[in-house]
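Chemist: At position 183 of the sequence shown the residue is numbered 183 (the numbering used here), and the sequence of numbers has no breaks.
All C-beta atoms in this analysis are idealised placements derived from N, C-alpha and C, irrespective of residue type, glycine included.
Since we're looking at a predicted model, the values are computed, not measured.
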Amino acid sequence: MSLKNLVTAAALAGSFAIGSAVAQTPPALPSTSFNVVGSIGGLSMYTNREVPFWTVTVPKESGGAIKVQVKPFTELGFKGAEIFRLVSSGTLQFATTVLNYNSGEVPMNEAADLVGLVGSVEELEKVIEAIRPAYAKFLEEKHGIKLLGFGTYQAQVLYCRDAFVTIADLKGRKIRASGASQQAFVTHIGASPLNIAFAEVQPALASGVVDCAITGALSGYKSKWHEAAKFISPMPVNFGVAAQLANLKWWNTLDPKVQAFLQTELNKLEKSIFEQARTETQTGLNCNTGTGPCSEGAPATMKLVPVTPADEALRKDALTKAILPSFAKRCGPDCVKTWNDTVGKTLNVTLAP
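1. Decide if the segment 330–350 is in contact with the segment 268–276; the criterion is three or more beta carbon pairs, one per stretch, under 8 Å apart.
2. Can you name the start and end residues of the beta strand (DSSP E) that Arg176 belongs to?
3. In its own chain, which residues sit with a C-beta less than 8 Å from the C-beta of Gly63, not counting the 5 before and 5 after it?
4. What do you reckon, are the CB atoms on Phe150 and Ile128 nearer than 8 Å?
5. Taking DSSP's pairing of strands, which residues face Thr97 in a bridge?
6. Nearest-angstrom Cα distance between Leu248 and Thr289?
7. Please state whether DSSP places Gly208 in a helix, a strand or coil.
8. At the level of alpha carbons, what is the spacing between Ala204 and Val210?
9. With 16 as the cutoff for other CB atoms within 10 Å, does Ala260 come out buried or exposed?
10. Is it buried or exposed, Thr338, if we count other Cβ atoms within 10 angstroms and call 16 or more buried?
11. Does any residue of chain B bring its CB to less than 8 Å from the CB of Ser223?
12. Given 8 Å as the limit, is there contact between the segment 87–102 and the segment 234–247, that is, 3 or more CB pairs closer than that?
13. Could I get the ranges of all uninterrupted beta strand (DSSP E) runs contained in the segment 119–184, with 3 residues as the minimum, in chain order?
14. Out of curiosity, what's the CA-to-CA distance linking Thr32 and Ala322?
15. Quick one, are the C-beta atoms of Ser233 and Leu124 less than 8 Å apart?
16. Would you give the residue range spanned by the alpha helix (DSSP H) that Lys268 belongs to?
17. Give the straight-line distance between the Cα atoms of Ala199 and Ser219, rounded to the nearest whole angstrom.
18. Should Phe231 and Val305 be called a contact, given that it needs their Cβ atoms to be closer than 8 Å?
19. Counting pairs of beta carbons, one from the segment 293–301 and one from the segment 75–88, are three or more of them closer than 8 Å?
20. Could you spell out where the alpha helix (DSSP H) holding Ser89 opens and where it closes?
21. Which whole-angstrom value describes the C-beta separation of Leu351 and Leu324, a residue pair presumed to lie in contact below a C-beta threshold of 8 Å?
22. Count the other CB atoms within 10 Å of the CB of Pro193; is the residue buried (16 or more) or exposed (fewer)?
23. Is it right to say Asn238 is buried, meaning 16 or more other beta carbons lie within 10 angstroms of its own, or is it exposed?
24. Look at the Cβ atom of Gln154, then the Cβ atom of Thr281, and state whether they are nearer than 8 Å.
25. What is the C-beta distance between Ala354 and Ile189, in whole angstroms, given that I count them as a contact (C-beta under 8 Å)?
26. Can you pull the DSSP bridge partners for Gly216?
27. In chain order, what residues of the same chain have a beta carbon less than 6 Å from the beta carbon of Thr283, not counting five sequence neighbours either side?
28. Would you mind stating whether Leu266 and Leu148 have Cβ atoms separated by less than 8 Å?
29. Per the contact definition of three or more C-beta pairs closer than 8 Å, is the segment 222–230 in contact with the segment 138–145?
30. Can you list, in chain order, the residues of its chain whose CB lies under 7 Å from that of Thr308, leaving out five sequence neighbours each side?
31. Heavy atom of the ligand SAH less than 7 Å from the Cβ of Val157, yes or no?
32. Which of the three DSSP states, helix, strand or coil, is assigned to Phe391?
33. Ignore the nearest five residues each way along the sequence and tell me which others in Lys174's own chain have a CB closer than 6 Å to its CB.
34. Could you tell me the distance, in whole angstroms, from the CA atom of Asn286 to the CA atom of Ala206?
35. Gly38 and Phe78: beta carbons closer than 8 Å?
36. CA-CA distance, Val58 and Glu312?
Printed below as a string of structure tokens:
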């Protein structure tokens, strides 16, 4: 072969190599498998978002490299508050948990979702974005947990067995409340807060162990709370923020490419959960009362108790006089400073140390 032909052949070979490099897919992810404890089984965050994410999206987008076993904590014998501790200790590798379940032990867990703090999912998202970096650092340094994303249920509302006209009428009743700020709110209105696991609330309402209970507008419908509770207030108490959490030591054993893949996909999951939550409050109210279209099943016949100006004033009074002072006391000076610099600045509210 002449020198000219050799040069031409080399040039062609080089061009094929470059073309091949451009066409190559990203490096294959290493084979990885782990277990995930999901949120409340039967509710939309788990059934509509978490299950397809872990069983369809992750395997498909990872080219089959990542395999996950997922089950909701309600099917595994857990009550809820222990999930955070079990991720921290490394007993669980990865879990989705409602943060206020553990807020009695870790006040920072409800910093973005205090009762009366925000009035919409959109406002909640702004607060979460504000506190995300500081909260992630707190979890890593204090609890050995990697924060990988947030989620939320729809507005948490009041379900009651017996009639009421205003929230003040609930004075003296026994009310299921999850999380420290819900309990502080219930105490402020003169009622008695009871901490009951979600799966046990419906029978507690049916038997009269509790008179009222707080949960998501759609969550309560899907769990058949309307079979015992006949009255519902649409006033948003808070929202039920959840988080995707991994044990930090376990997370750090994963290949960096797997970490990057999971973080990217979990960011998308978070967006889809918040998108879902935006419409579920009204859907839940419609389904519980039959006052509008219900896409989740046969509508129930609960009575909708309209929110009054007195209710709004009472919620604001509770936030100012009970919720924020109680949170500041439980949280401590460092936590208060973090809150003021993030959530407080976003909402133009200042916590007194």
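Modeler: In short:
1. no
2. Within the sequence shown, numbered from 1, the residue matching residue 176 stands at position 176. That run of the beta strand (DSSP E) goes 174–176.
3. Indexing the sequence shown from 1 puts residue 63 at position 63. The residues are Ala28, Leu29.
4. Here residue 150 refers to the residue found at position 150 of the sequence shown. Here residue 128 refers to the residue found at position 128 of the sequence shown. A contact, by the Cβ cut-off of 8 Å.
5. Numbered from 1 along the sequence shown, position 97 holds the residue referred to as residue 97. In the DSSP output, where bridge partners are listed per residue, Thr97 has Ala243.
6. As a first step, residue 248 is located in the sequence shown; it is residue number 248 there, counting from the start. As a first step, residue 289 is located in the sequence shown; it is residue number 289 there, counting from the start. About 44 Å.
7. Counting from 1 along the sequence shown, the entry for residue 208 is found at position 208. Residue state, collapsed to three classes: coil.
8. The residue you call residue 204 lines up with position 204 of the sequence shown. The residue you call residue 210 lines up with position 210 of the sequence shown. Whole-angstrom Cα-Cα distance: 6 Å.
9. For the purposes of this step, residue 260 is identified with residue 260 of the sequence shown, where counting begins at 1. By the 10 Å Cβ count, Ala260 comes out exposed.
10. Along the sequence shown, one-based indexing puts residue 338 at 338. Buried, by the Cβ-count rule.
11. Reference to chain B is not applicable here, since this structure consists of a single protein chain.
12. yes
13. 145–152, 156–160, 174–176
14. As a position in the sequence shown, residue 32 is number 32, starting the count at 1. As a position in the sequence shown, residue 322 is number 322, starting the count at 1. Spanning the two alpha carbons is a distance of roughly 47 Å.
15. Numbered from 1 along the sequence shown, position 233 holds the residue referred to as residue 233. Numbered from 1 along the sequence shown, position 124 holds the residue referred to as residue 124. Against a cut-off of 8 Å, the Cβ pair of Leu124 and Ser233 comes out as no contact.
16. Position 268 of the sequence shown, counted from the first residue, corresponds to residue 268. Per DSSP, Lys268 belongs to the alpha helix (DSSP H) from 256–289.
17. If you number the sequence shown from 1, residue 199 lands on position 199. If you number the sequence shown from 1, residue 219 lands on position 219. Cα to Cα, Ala199 sits roughly 11 Å from Ser219.
18. Sequence index remark: in the sequence shown, residue 231 carries index 231 (1-based). Sequence index remark: in the sequence shown, residue 305 carries index 305 (1-based). For Phe231 and Val305, yes; Cβs fall inside 8 Å.
19. no
20. By one-based count along the sequence shown, residue 89 stands at place 89. Its alpha helix (DSSP H) spans residues 82–89.
21. As a first step, residue 351 must be located in the sequence shown, where it is residue number 351. As a first step, residue 324 must be located in the sequence shown, where it is residue number 324. At roughly 6 Å, the Cβ-Cβ gap stays under 8 Å, so Leu351 and Leu324 are in contact.
22. Locating residue 193 in the sequence shown gives position 193, where the first residue counts as 1. Buried.
23. Here residue 238 refers to the residue found at position 238 of the sequence shown. It is buried - the Cβ of Asn238 has at least 16 other Cβ atoms within 10 Å.
24. The residue you call residue 154 lines up with position 154 of the sequence shown. The residue you call residue 281 lines up with position 281 of the sequence shown. Against a cut-off of 8 Å, the Cβ pair of Thr281 and Gln154 comes out as a contact.
25. As shown, the chain starts at 1 and ends at 353. That puts residue 354 outside it, with no answer to give.
26. Translated into the one-based positions of the sequence shown, residue 216 becomes position 216. Partner(s): Gln156.
27. The residue given as residue 283 occupies position 283 in the sequence shown. Once the five neighbours on either side are set aside, the close Cβ partners of Thr283 are Leu218.
28. The residue you call residue 266 lines up with position 266 of the sequence shown. The residue you call residue 148 lines up with position 148 of the sequence shown. A contact, by the Cβ cut-off of 8 Å.
29. no
30. Reading the sequence shown from its first residue, position 308 is the one you call residue 308. The residues are Thr166.
31. Within the structure as shown, the ligand SAH is missing, as the structure has no ligands at all.
32. With the chain covering only 1 through 353, there is no way to say anything about residue 391.
33. Indexing the sequence shown from 1 puts residue 174 at position 174. If we look at Lys174 and ignore the five residues flanking it on each side, its Cβ neighbours are Ser192, Leu194, Val210, Asp211.
34. Taking the first residue of the sequence shown as 1, we reach residue 286 at position 286. Taking the first residue of the sequence shown as 1, we reach residue 206 at position 206. Cα to Cα, Asn286 sits roughly 22 Å from Ala206.
35. Position 38 of the sequence shown, counted from the first residue, corresponds to residue 38. Position 78 of the sequence shown, counted from the first residue, corresponds to residue 78. Going by C-beta atoms, Gly38 is not nearer than 8 Å to Phe78.
36. Counting from one through the sequence shown, the residue named residue 58 turns up at place 58. Counting from one through the sequence shown, the residue named residue 312 turns up at place 312. Approximately 43 Å, taken between the alpha carbons.
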